[in-house]
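Just below is one structure, and these are the notes that go with it.
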Amino acid sequence: MVITLRTMVRPWMVAFLLLLTNRRSFTTSQPIAAHAEAAFEIAGDDSHTTANNTTTEIASVGCNYKGRSYEPGALVNTDQPCLKCTCVTGNLICHLQVCPELPDPPPQGCVIVHKKNKCCAHLQCYYEQFDAVHSNLFSLQTESRSGPARMENSAIVTFDGLTKGCMVNGTIYAEGSAMDSSSLCEYCYCFKGHQQCVRPQCSLTIPGCTAVYKKHTCCPIRYKCKCI
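Reading the sequence shown from the start, the letters are residues -27 to -1, 1 to 201 in mature numbering (1 follows the signal peptide of the UniProt record, and there is no 0).
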C-alpha cells in the first residue's frame, strides 16, 4: 500500500497544491487588510471634519434682529429700553432692568424727568439754581379797554435742565399748566418756560348803575341801578 501511494503521488500534484494554497492566501488576506486601512482613514476624516464643523458652526452662529445681523456676544439694541440683550448662539438672551422707586409726588423744588429711549426716570432738583434767583415784579400792560389785560413776564427764570417748564417761588410748573397768582383777577399759565397771565375785563360801564362785588370774586355779582 505504501508503494502504491508513492506511485500515485506525482510531483505536479504537489506543485498544484502549493499554487492553490498561495492563491487562496493572497485573495483572502490582501483585501481584508486594504478594507481595514480604508475604513480607518474614512472614520478618522469624518470624525475630525464633523467635530471641527460643529465647533465652527456653534462659535460662528450670529443673530438677526429686525433685518440687522449681530456677531456672537454682541449687544443687541431692541425697541424696549428696559431690556439688555446679548446675542448667544443664535438667540437673544435678555435681562430686564429694574428701576429704582421715586417719591410720588416729588418733593418741592424737584421734578421726575423721563427721557426718550431711557428705561428709568430720575429725580432732578433745582434748589441751588433757585437760591441764586431773585424774582422781579411783573408789569401790567393793558392792550385795550375792550380786550383783556395781559401780564407780560420779563423775569421768570428757566433752567436748561427743566424743558419747557416754569419755576416760581420754589414751585415747578409743567408746560401748559395753570399757575398760582398773587392777584385775584389774574389767570396765569406756563408757556415755553415763561409765565403768561391774563386779566378779564368784566366791569361794564353802565350809567346810573353800580357794580356789586362779593368777597374773593373778580367780577361783579350784580349791579345796583337808580330808577329814572
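Ideal placement from N, C-alpha and C gives every residue a C-beta, glycine not left out.
- The Cβ atoms of GLN70 and CYS92 lie closer than 8 Å to each other.
- Secondary structure note for VAL71: it is in no beta strand (DSSP E), with a DSSP letter that is neither H nor E.
- The C-beta distance from VAL34 to THR51 rounds to 19 Å, too long to meet the 8 Å contact threshold.
- With respect to the 8 Å criterion, CYS60 and GLU44 are classified as neighbours on the basis of their beta carbons.
- For TYR160, the enclosing beta strand (DSSP E) begins and ends at 160 to 164.
- Taking a cut-off of 8 Å on C-beta distances, the stretch 138 to 146 touches the stretch 165 to 178, as three or more cross pairs fall below it.
- Taken atom to atom, the span from the alpha-carbon of SER154 to that of GLU148 is near 16 Å.
- Nearest in C-alpha terms to GLN174, of all of CYS163, GLY181 and LEU157, is LEU157.
- For LEU96, the enclosing beta strand (DSSP E) covers residues 95 to 98.
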